[in-house]
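Shown next, in structure tokens, is the structure this report addresses.
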Amino acid sequence: MATFTIVGYEGCGYLNHAELEAERLTKMHPEVKAEVTSMARDEYLAWLKKTFAKTKIEHKTSPAIWKGSPEEGVFIGGASDFDQFVTSEYKDMQPAAAEGGCCIIS
Numbered sequence: 002m003a004t005f006t007i008v009g010y011e012g013c014g015y016l017n018h019a020e021l022e023a024e025r026l027t028k029m030h031p032e033v034k035a036e037v038t039s040m041a042r043d044e045y046l047a048w049l050k051k052t053f054a055k056t057k058i059e060h061k062t063s064p065a066i067w068k069g070s071p072e073e074g075v076f077i078g079g080a081s082d083f084d085q086f087v088t089s090e091y092k093d094m095q096p097a098a099a100e101g102g103c104c105i106i107s
């Protein structure tokens with residue numbers, strides 16, 4: 002069973018898109034689980050910095066997505082990376098329509 006962890010900030014269009022993609026995936030593949038966490042933008046920025054402090058991964062957008070947990074899982078990337086991952090790993094999944102705006106954090 003695969004579990005995906007999706008973390009982002011409230012009001013982010015890309016977080017909403019990733020959440021919808023995860024819902025679509027879990028409906029088509031009940032063995033797949035998704036855990037979505039949203040928080041205030043400032044809180045997310047601090048969480049992101051802390052989470053990636055010990056890695057060489059540079060990720061500055063919302064959301065951040067893992068297969069598994071942030072502590073032990075494999076980092077996938079952001080919403081578009083998740084779309085690509087889903088369509089490559091689950092051949093019956095068609096790409097989701099793009100929506101939302103740029104959610105880059107500086």
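In case it helps, my numbering puts the sequence shown at residues 2 to 107. Beta carbons are placed, not taken as given, at the ideal position from N, Cα and C, and that holds for glycine. What you are looking at is a predicted structure, and each value in this text was computed from that prediction instead of being measured.
Item checked: Whole-number beta carbon distance between D93 and E22, since they are thought to touch under 8 Å -> The pair is not a contact, with the Cβ atoms about 14 Å apart (cut-off 8 Å).
Checklist line | Uninterrupted alpha helix (DSSP H) stretches inside the stretch 2 to 55 (no shorter than 4 residues) | finding: 14 to 29, 42 to 53
Next item on the list: Alpha carbon to alpha carbon, how far is V75 from T56? Give it in angstroms, no decimals.
Entry: 12 Å
Notebook entry, point to check: Where K50 and H30 are concerned, what is the direct C-alpha to C-alpha distance, given to the nearest angstrom?
Noted result: 32 Å
Next item on the list: Give me the Cα-Cα distance between S39 and A80, rounded to the nearest whole angstrom.
Entry: 14 Å
Notebook entry, point to check: How should G12 be labelled, buried or exposed, when 16 other C-beta atoms within 10 angstroms of its C-beta is the threshold for buried?
Noted result: exposed
Notebook entry, point to check: Where S70 and T52 are concerned, what is the direct C-alpha to C-alpha distance, given to the nearest angstrom?
Noted result: Rounded to whole angstroms, the separation of the alpha carbons of T52 and S70 is 11 Å.
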